[in-house]
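First residue of the sequence shown: 753, per our numbering; consecutive thereafter.
Contents: one structure, followed by commentary.
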Amino acid sequence: MDLFEYQGKQYFSRFGIPVSPGGVADTVDEAVATAEKVGYPVVVKAQVQVGGRGKAGGIKLADNADEVRTHAGNILGMDIRGHVVKRLWIEHASDIAKEYYASFTLDRAAKLHLGMVSAKGGVDIEQVAEEDPGAIARLHIDPTQGLDEAAARGLVEEANLDPEAADGAVDILVKLYRCFVEGDADLVEINPLILTPDGRVHALDAKVTLDDNAAFRHPEWDEFRGLEVLDPREALARQKGLQYVGLDGFVGIIANGAGLAMSTCDVVEQVGGKPANFLDIGGGASAEVMANALEVINTDEKVKAIFINIFGGITRGEEVANGIVAALGRVEIRSPIVIRLDGTNADEGRKILAEHESDRLMSLPTMIDAARRATELAGGKTR
Ligand code: GDP
Ligand code: MN
């Protein structure tokens, strides 16, 4: 789950990372009221989950109520790279002497945490990585060892932050690492991390991605939900308790088991189709689960055919077939369905499906043939 900047800053605060005082506003009047409370000058900041808000005109300084009114009016409703601004964060403006960069993330290839610090903050870090990779100091951290102050200091020194920023930056790095680990985040990023003319270091922006797999031990994350920007298909799937990831293609996919669901996506790609989603219905394939899965896929207007790929293990073929048939009695499906059923009692299952065979529902014995047929039915070119 990605947090908005203001939520990320709330999260940072819990771990003692200094941020500017501020408040949210959903209307121009609220923006002015918040600015009065926070104290001028303020920064009016678009809350959208996409970077480069500054460049897009979504971040403006304001010295008085009139300026807040103007900027808030312009920014609310603004489209920033496909994200419409519905909420503002108004914070007390900081004087900036220097802009740095700091982040922690997981380096999956190295199986270690990765800390990155740069004296070239404020700008797009990907651009720095490309044009001046030496300007980013990197440190791999063994999660069983953690990050101590000495290691954080080493990182700050390697990044060549100004000496007067060192102590503040080290303190923030240690806290940011705790936020990353204890806060169960996949990414914590501060860009810019600033040094003020009077020598204080603090976070001017916040990017936090929480690890959804850790949600069970963070009931407090519920407050972040509600506003979350979810694909409507993913929202419905979550409601129904399905493991669903929306993709851009036109072949809807249902499979039992995450591995099979991934392979199904691959095979559809391989024959020239484009998967519209990843959907794992888990071990069983009851009529209810199947009906829920079909319902979610049915809301996706790009889907032109559905490929159900089931390998029966403990779940027997005839149960799966009966589940599919019963599900089709419950939901009216827009697209033709191609089924590949294999594994335990596949023959029995296929017999049941054969009784319901039509040009809208067909069963093929192999994964590749079924993927081809589904792609063709969806109007795709197969290879
Ligand atoms: P982003 O463009 O989406 O990354 O948004 P940021 O929150 O990082 O803000 C972009 C830029 O706006 C920063 O790099 C700063 O240069 C500027 N900015 C943000 N807040 C302040 C502030 O309090 N004072 C000043 N002077 N500039 C700010
Ligand atoms: Mn930023």
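The beta carbon of each residue, even a glycine, is placed where N, CA and C say it ideally should be.
If you check the beta carbons only, do residue 784 and residue 758 fall under 9 Å apart? no
Let's see if you can read the secondary structure: which residues bound the beta strand (DSSP E) around residue 995?
995–998
Check residue 1008 in the structure and name its three-state DSSP category. coil
Give me whichever residues DSSP pairs with residue 774 in a beta bridge. Residue 774 pairs with 843.
- Query: Within 8 Å: the Cβ of residue 944 and any heavy atom of the ligand FMN?
  - Reply: Because the ligand FMN does not appear in the structure shown, any question about it cannot be addressed here, the ligands present being the ligand GDP and the ligand MN.
**Message:** Shorter than 8 Å, the distance from the beta carbon of residue 939 to the closest heavy atom of the ligand GDP, or not?
**Reply:** The answer is no for residue 939.
Using 9 Å as the threshold, is the C-beta distance between residue 852 and residue 937 below it? no
| request: Could you tell me whether the Cβ atoms of residue 928 and residue 906 are closer together than 9 Å? | output: The Cβ-Cβ distance between residue 928 and residue 906 does not fall below 9 Å.
Helix, strand or coil, according to DSSP, for residue 822 in the structure here?
helix
| Straight-line CA distance for residue 968 to residue 974? | 10 Å
Subject >> Cβ-Cβ separation, residue 1029 to residue 996 (assumed contact under 8 Å), whole Å >> reply: 6 Å
Reduced DSSP category for residue 949 - H, G, I as helix; E, B as strand; rest coil
Residue state, collapsed to three classes: coil.
Practice problem: With residue 927 as the anchor, note down where its alpha helix (DSSP H) starts and where it stops. | Solution: 918–934
request  = Evaluate residue 957 with the Cβ neighbour count: other Cβ atoms within 10 Å of its Cβ, from every protein chain shown; 16 or more gives buried, anything less gives exposed.
outcome  = When all chains shown are included, residue 957 counts as buried.
Evaluate residue 836 with the Cβ neighbour count: other Cβ atoms within 10 Å of its Cβ, from every protein chain shown; 16 or more gives buried, anything less gives exposed.
exposed
Should residue 807 be counted as a contact of the ligand MN given a C-beta to heavy atom distance under 8 Å? no
_Could you give the first and the last residue of the continuous alpha helix (DSSP H) run that contains residue 765?_
757–766 is the span of the alpha helix (DSSP H), which, as asked, contains residue 765.
TODO: Tell me whether residue 754 counts as near the ligand MN, meaning its Cβ is closer than 8 Å to at least one heavy atom of that ligand.
DONE: no
Other residues of its chain near residue 1182: CB distance less than 6 Å, five sequence neighbours each side excluded: Here the chain has residues from 753 to 1135 only, and residue 1182 is not among them.
- Query: Quick one: Cα of residue 798 to Cα of residue 1079, how far?
  - Reply: 44 Å
(Q) Using DSSP's beta-bridge definition, name the partner residues of residue 864. (A) Looking at the DSSP assignment, residue 864 forms a beta bridge with 859.
**Message:** Does the structure place the segment 1080–1098 close enough to the segment 1113–1126 that three or more beta carbon pairs sit under 8 Å?
**Reply:** yes
Could you pull out every unbroken alpha helix (DSSP H) segment of at least 4 residues lying fully inside the segment 1023–1104, listed in chain order?
1039–1050, 1069–1082
- Message: Taking a contact to mean a Cβ-Cβ separation below 9 Å, would you say residue 1017 touches residue 988 in this structure?
- Response: no
Same chain only: Cβ atoms within 6 Å of residue 787, ignoring 5 sequence neighbours per side: 794, 820, 842
Let me make sure I understand the geometry here. Which of 803, 846, 1067 has the alpha-carbon closest to that of residue 774? 846
Mapping DSSP to helix, strand and coil, what is residue 848? coil
For the ligand MN, any of its heavy atoms closer than 8 Å to the Cβ of residue 959? Residue 959 Cβ: within cutoff of the ligand MN.
| task | Would you grab the beta carbon distance between residue 1058 and residue 1004 for me? Rounded to a whole angstrom, and I think it's under 8 Å. | result | 4 Å
Quiz prompt | Per-residue DSSP class, three states only, for residue 813 | solution = strand
- For the ligand GDP, is there a heavy atom less than 8 Å away from the beta-carbon of residue 846? yes
Q. Taking 8 Å as the cut-off, is the CB of residue 803 close to at least one heavy atom of the ligand MN?
A. yes
Take residue 1118 as the anchor and find which of 789, 778, 1062 has the nearest alpha-carbon.
1062
Inset, instruction - Report yes if the C-beta of residue 1095 is less than 8 Å from at least one heavy atom of the ligand MN; otherwise report no. - result: no
| With C-beta atoms as the reference, is residue 790 less than 9 Å away from residue 955? | The answer is no: Cβ separation not under 9 Å.
inquiry  = Under 8 Å: does the beta carbon of residue 813 sit that close to some heavy atom of the ligand GDP?
reply    = yes
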